[in-house]
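All you need for the numbering used here is the position in the sequence shown, starting with 1, plus 81.
Beta carbons: idealized from backbone N, C-alpha and C, even for Gly.
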Amino acid sequence: MLLALAAQKGWLIHQLDVKSAFLNGYLEEEIFVEQPKGFAVQEKENKVYHLKKALYGLKQAPRSWYSRIDAHLMNLGFEKSLSEFTLYIKKVDGEIVVISLYVDDLLVTGSSKELIDKFKKEMEDVFEMTDIGMMSFFLGMEIQQKQNEVFLCQQKYAKEVLKNFNMEGCKSTATPMNQKEKFCKEDGAEKVDEEPYRSLIGCLMYLTTTRPDIMQAVSLLSRYMHCASEIHFQAAKRILRYVKDTVDYGIRFSQVKDFNFHGFSDSDWARCADDMRSTSGYCFTFGSGIFSWCSKKQDVIAQSTAEAEYVAAAAAVNQSLWIRKLMTNLHMKQEIALRYLLTTRLQFLFPII
Numbered sequence: 082m083l084l085a086l087a088a089q090k091g092w093l094i095h096q097l098d099v100k101s102a103f104l105n106g107y108l109e110e111e112i113f114v115e116q117p118k119g120f121a122v123q124e125k126e127n128k129v130y131h132l133k134k135a136l137y138g139l140k141q142a143p144r145s146w147y148s149r150i151d152a153h154l155m156n157l158g159f160e161k162s163l164s165e166f167t168l169y170i171k172k173v174d175g176e177i178v179v180i181s182l183y184v185d186d187l188l189v190t191g192s193s194k195e196l197i198d199k200f201k202k203e204m205e206d207v208f209e210m211t212d213i214g215m216m217s218f219f220l221g222m223e224i225q226q227k228q229n230e231v232f233l234c235q236q237k238y239a240k241e242v243l244k245n246f247n248m249e250g251c252k253s254t255a256t257p258m259n260q261k262e263k264f265c266k267e268d269g270a271e272k273v274d275e276e277p278y279r280s281l282i283g284c285l286m287y288l289t290t291t292r293p294d295i296m297q298a299v300s301l302l303s304r305y306m307h308c309a310s311e312i313h314f315q316a317a318k319r320i321l322r323y324v325k326d327t328v329d330y331g332i333r334f335s336q337v338k339d340f341n342f343h344g345f346s347d348s349d350w351a352r353c354a355d356d357m358r359s360t361s362g363y364c365f366t367f368g369s370g371i372f373s374w375c376s377k378k379q380d381v382i383a384q385s386t387a388e389a390e391y392v393a394a395a396a397a398v399n400q401s402l403w404i405r406k407l408m409t410n411l412h413m414k415q416e417i418a419l420r421y422l423l424t425t426r427l428q429f430l431f432p433i434i
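And the structure:
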């Protein structure tokens, strides 16, 4: 979502890294540790250390680090989003700076380069930082930033997955799965070793971070990680065959003239042959690439296609309300209420001002 907004506004996203982040956190609890081997104080070997700051390996370390960085950002005048606790916004004289925090990585963007440079200096005065510059690689995602355009993919990761499962020279396919293919737990096929199957599904699930085109197929196959058969394994390998010729696929966000918030939702009915549950799916976009999507088996058994559609619509509306709150925090207020149009597919449109 942040990438989509940056592309629309013409902002560049910068990345900062805090060195040894957890060592900056102050502990609130009393914690004692043994003296490290080889560094014990002579004649005081039976004594222990009373920790004042966090160490890596302590379960309190992430919380203490977050408390420290949270207090520092609030002192700098940032406001924390109540809908997303790792999102901070600061508005000065009509200019805005947005911070997205992920453990020790900070993504910084906004409308003013001067404010961004000032923020970097303020952080470097307190923490030992590495200014990586414009974000180009983050959590396995490759990001290419241009003026009013952002493209992200996982090409390197996809090639590594193909290599790990010896599928580099496989024959490619045009689709990730057969259109009307259904799976079940007891399909009569021979069971396979669950460990490589789980590993494959886990790799594919991480690949869906930038590949919504395989989300549906991966979601279906992830339901059989405890009872995988040869049929399930072959279906998973078919996804790899599809990925082979589409390793450079990703999501492109670009500036659009009609900047509106679009959402789409759909469902099947009784797709799962084991418990007759339906599958919900939705995606959201600002007019270019989609930035939020989901494909998930419903928690209830729908008695009709209409009920399955409404269950899917409820999940999509829940997500859309959360996104609306984030947009409000980012000072992009929506002047009109949501409008819903429910047919075979739910579509709702609400302009961003």
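Would you call D356 buried or exposed, if buried means 16 or more other Cβ atoms sit within 10 Å of its Cβ?
-> To locate residue 356, count along the sequence shown from 1; it is residue 275. Around the beta carbon of D356, fewer than 16 other beta carbons sit within 10 angstroms, so the residue counts as exposed.
Helix, strand or coil for S303 per DSSP?
-> As a first step, residue 303 must be located in the sequence shown, where it is residue number 222. The answer is helix: DSSP assigns S303 an H, G or I state.
Whole-Å CB distance - N105 paired with F208, under 8 Å assumed = By one-based count along the sequence shown, residue 105 stands at place 24. By one-based count along the sequence shown, residue 208 stands at place 127. So it is a contact: roughly 6 Å between Cβ atoms.
Just curious, the beta strand (DSSP E) that L97 is in, first and last residue?
-> Start at 1 with the first residue of the sequence shown, and residue 97 comes out as number 16. Residue range H95 to V99 is occupied by the beta strand (DSSP E) that includes L97.
In this structure, does DSSP put I177 in helix, strand or coil?
-> Here residue 177 corresponds to residue number 96 of the sequence shown, with the count starting at 1. I177 carries a strand assignment under DSSP once its states are collapsed to helix, strand and coil.
Fully enclosed by the region 274-350, which alpha helix (DSSP H) runs are 4 residues long or longer?
-> If we require 4 residues or more, the alpha helix (DSSP H) runs fully inside the region 274-350 come out as 275-288, 296-302 and 311-325.
Simplified DSSP state of Y147, which is helix, strand or coil = One-based indexing of the sequence shown puts residue 147 at position 66. Y147 falls in the helix class under three-state DSSP.
Which same chain residues, not among the five before or five after I332, have their C-beta less than 6 Å away from its C-beta?
-> Along the sequence shown, one-based indexing puts residue 332 at 251. Cβ within range, chain order: L233, T291 and G370.
Taking the Cβ atom as the reference point for each residue, do D268 and D185 lie within a distance shorter than 8 Å?
-> Taking the first residue of the sequence shown as 1, we reach residue 268 at position 187. Taking the first residue of the sequence shown as 1, we reach residue 185 at position 104. Against a cut-off of 8 Å, the Cβ pair of D185 and D268 comes out as no contact.
Are the beta-carbon atoms of V189 and I177 separated by less than 8 Å?
-> Within the sequence shown, numbered from 1, the residue matching residue 189 stands at position 108. Within the sequence shown, numbered from 1, the residue matching residue 177 stands at position 96. No, these two residues do not count as a Cβ contact at 8 Å.
For Q141 and N229, believed in contact at Cβ under 8 Å, the rounded distance | As a first step, residue 229 is located in the sequence shown; it is residue number 148 there, counting from the start. As a first step, residue 141 is located in the sequence shown; it is residue number 60 there, counting from the start. Not really, about 43 Å apart at Cβ, beyond 8 Å.
Tell me which same chain residues have a C-beta within less than 7 Å of the C-beta of K237, skipping the five on either side of it?
-> On the sequence shown, residue 237 is found 156 positions in, with the first residue counted as 1. Shown here for K237: same chain residues with a beta carbon closer than 7 Å to its own, the five before and five after excluded, namely E223 in chain order.
Kindly list the residues whose CB is nearer than 6 Å to the CB of E115, restricted to its own chain and excluding five residues on each side of it in sequence; keep chain order.
-> In the sequence shown, residue 115 corresponds to position 34, counting from 1. Hits under 6 Å: V129.
Might you give, ordered along the chain, the residues of its own chain that have their beta carbon closer than 8 Å to the beta carbon of Q315, omitting 5 neighbours on each side?
-> Position 234 of the sequence shown, counting from 1, holds the residue named residue 315. Cβ within range, chain order: n/a, list empty.
In terms of residues, what are the limits of the alpha helix (DSSP H) holding L84?
-> Within the sequence shown, the letter at position 3 stands for residue 84. L83 to K90 is the span of the alpha helix (DSSP H), which, as asked, contains L84.
Do you know whose CA, among E388, Q379, F365 and A383, lies nearest V398's CA?
-> Along the sequence shown, one-based indexing puts residue 398 at 317. Distances from the CA of V398 to each of E388, Q379, F365 and A383 were compared; the closest alpha carbon is that of F365.
If you check the beta carbons only, do I150 and L182 fall under 8 Å apart?
-> As a position in the sequence shown, residue 150 is number 69, starting the count at 1. As a position in the sequence shown, residue 182 is number 101, starting the count at 1. A Cβ-Cβ contact shorter than 8 Å links I150 with L182.
Is DSSP giving K201 helix, strand or coil here?
-> Your numbering for residue 201 matches position 120 in the sequence shown. Assigned with DSSP and collapsed to three states, K201 falls in helix.
Taking only the alpha-carbon atoms, compute the straight-line gap between F166 and C375 and give it to the nearest angstrom.
-> As a first step, residue 166 is located in the sequence shown; it is residue number 85 there, counting from the start. As a first step, residue 375 is located in the sequence shown; it is residue number 294 there, counting from the start. Taking the straight line from one Cα to the other gives about 22 Å.
If you pair each beta-carbon of the region 241-259 with each one of the region 387-394, do three or more pairs fall below 8 Å?
-> no
Status (buried if at least 16 other CB within 10 Å, exposed otherwise) for V63 = Lying before the first or after the last residue shown, residue 63 is absent from the chain, which here runs from 82 to 434.
Find out if the Cβ-Cβ distance for the pair L411, V231 is shorter than 8 Å.
-> Here the question's residue 411 lines up with position 330 in the sequence shown. Here the question's residue 231 lines up with position 150 in the sequence shown. Cβ distance not < 8 Å, so L411 and V231 don't count as in contact.
Local conformation of H131 per DSSP, three classes | On the sequence shown, position 50 is the one that residue 131 refers to. Per DSSP, reduced to three states, the secondary structure at H131 is strand.
So, are the CB atoms of K295 and A317 less than 8 Å apart?
-> Your numbering for residue 295 matches position 214 in the sequence shown. Your numbering for residue 317 matches position 236 in the sequence shown. Per the sequence shown, the amino acid found at residue 295 is Ile instead of Lys. The answer is no: Cβ separation not under 8 Å.
My guess is that L243 and L302 are in contact by the Cβ rule of under 8 Å, so how many angstroms apart are they, rounded?
-> In the sequence shown, the residue the question calls residue 243 occupies position 162. In the sequence shown, the residue the question calls residue 302 occupies position 221. That belief does not hold up - the Cβ atoms of L243 and L302 are roughly 17 Å apart, past 8 Å.
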